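> Sending over a structure as structure tokens; questions will come in a sec.
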Amino acid sequence: EDQVTQSPEALRLQEGESSSLNCSYTVSGLRGLFWYRQDPGKGPEFLFTLYSAGEEKEKERLKATLTKKESFLHITAPKPEDSATYLCAVPLGSGGFKTIFGAGTRLFVKA
Amino acid sequence: DSGVTQTPKHLITATGQRVTLRCSPRSGDLSVYWYQQSLDQGLQFLIQYYNGEERAKGNILERFSAQQFPDLHSELNLSSLELGDSALYFCASSVQGGATDTQYFGPGTRLTVL
Chain Z
7 EDQVTQSPEA
17 LRLQEGESSS
27 LNCSYTVSGL
37 RGLFWYRQDP
47 GKGPEFLFTL
57 YSAGEEKEKE
67 RLKATLTKKE
77 SFLHITAPKP
87 EDSATYLCAV
97 PLGSGGFKTI
107 FGAGTRLFVK
117 A
Chain U
-10 DSGVTQTPKH
0 LITATGQRVT
10 LRCSPRSGDL
20 SVYWYQQSLD
30 QGLQFLIQYY
40 NGEERAKGNI
50 LERFSAQQFP
60 DLHSELNLSS
70 LELGDSALYF
80 CASSVQGGAT
90 DTQYFGPGTR
100 LTVL
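In order, the protein sequences belong to chains Z and U.
Using our numbering, read the first sequence as starting at 7 and increasing by one per residue.
Using our numbering, read the second sequence as starting at -10 and increasing by one per residue.
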């Protein structure tokens, strides 16, 4: 069964304390993997698309990496404004037109 | 601001009623997606349209229907509403609706069924 699992469910960090969020997937024929950030009550905001194992992308304090079984979102020296829920997603189905999202990791960064 | 607009922002209605949620995609985007997000289910894909045609269907209930109009805006109709339909409903749009197209999400419509 196609699945996307994120861990941990919640993560509490001190400002400046680097860490990683995990997204593991069991999908045949991965076409790509997306990372989104979602603030409470708002729509998800696109961060990255990764297409193949070994690929890495960076944006400010965030770096996303992809292997054949999982993706990591590394957060370096986080700030309180990085507090949000981080979602990963993969396209599924014939043509990849359906998108399945993980349950997300809620990140809290304390000053 | 993603450029995707959704109306209304909030909707409060009673069980058994019918509501319509509206979405306008970003300028130039041909594909529209609808998602439901509830506390216990996370973000669930409902349906995708491309240039007016249905392209993919997810876990969309038979009481729900959607369409994309010639001007590319989309509407999601929810009927015979139940308490469990209370959720945030998001619309997203992308340029071509391909598997790896970036989806840009709107601000959502919060539906409360009493």
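Cβ atoms here follow ideal geometry from the backbone N, Cα and C, with glycine treated the same way.
Bear in mind that the values here come from a model prediction, so they are computed numbers and not experimental data.
Taking the CB atoms as reference points, tell me whether Y31 (chain Z) and L93 (chain Z) lie closer together than 8 Å.
In this structure, L93 (chain Z) does not lie closer than 8 Å to Y31 (chain Z) by Cβ.
> Indicate whether at least one CB of chain Z lies closer than 8 Å to the CB of R44 (chain U).
Answer yes: the Cβ-Cβ gap between R44 (chain U) and chain Z drops below 8 Å somewhere.
> Just to confirm my understanding: we take G98 (chain Z), look at its own chain, exclude 5 residues before and 5 after, and list those with CB closer than 6 Å. What are they?
Checking the displayed sequence, the identity of residue 98 (chain Z) turns out to be Leu instead of Gly. So the list reads D8, K104 and I106, once near-sequence residues are dropped.
> At the 8 Å Cβ level, is G99 (chain Z) part of the contact set with chain U, yes or no?
Chain U contact via Cβ: present.
> Which residues in the same chain as Y39 (chain U) place their Cβ atom closer than 7 Å to its Cβ, once the five residues preceding and following it in sequence are excluded?
Answer for Y39 (chain U): L19, S20 and G86, listed in chain order.
> When we look at the beta-carbon of D90 (chain U) and count the other beta-carbons within 10 Å, is it buried (16 or more) or exposed?
With 16 or more other Cβ atoms within 10 Å, it is buried.
> Determine the direct distance from the alpha carbon of Y22 (chain U) to that of C12 (chain U), and round the result to whole angstroms.
Cα to Cα, the separation comes out at about 9 Å.
> Quick one: is S82 (chain U) buried, meaning 16 or more other Cβ sit within 10 Å of its Cβ, or exposed?
Buried, because 16 or more other Cβ atoms sit within 10 Å of the Cβ of S82 (chain U).
> Please report the straight-line C-alpha distance between Q4 (chain Z) and P50 (chain Z), rounded to a whole angstrom.
In the structure as shown, chain Z begins at 7 and stops at 117. Residue 4 (chain Z) is therefore absent and cannot be evaluated.
> So for G31 (chain U), helix, strand or coil by DSSP?
Correct three-state label for G31 (chain U): strand.
> Using DSSP with H/G/I as helix, E/B as strand and the rest coil, what is L72 (chain U)?
L72 (chain U) falls in the helix class under three-state DSSP.
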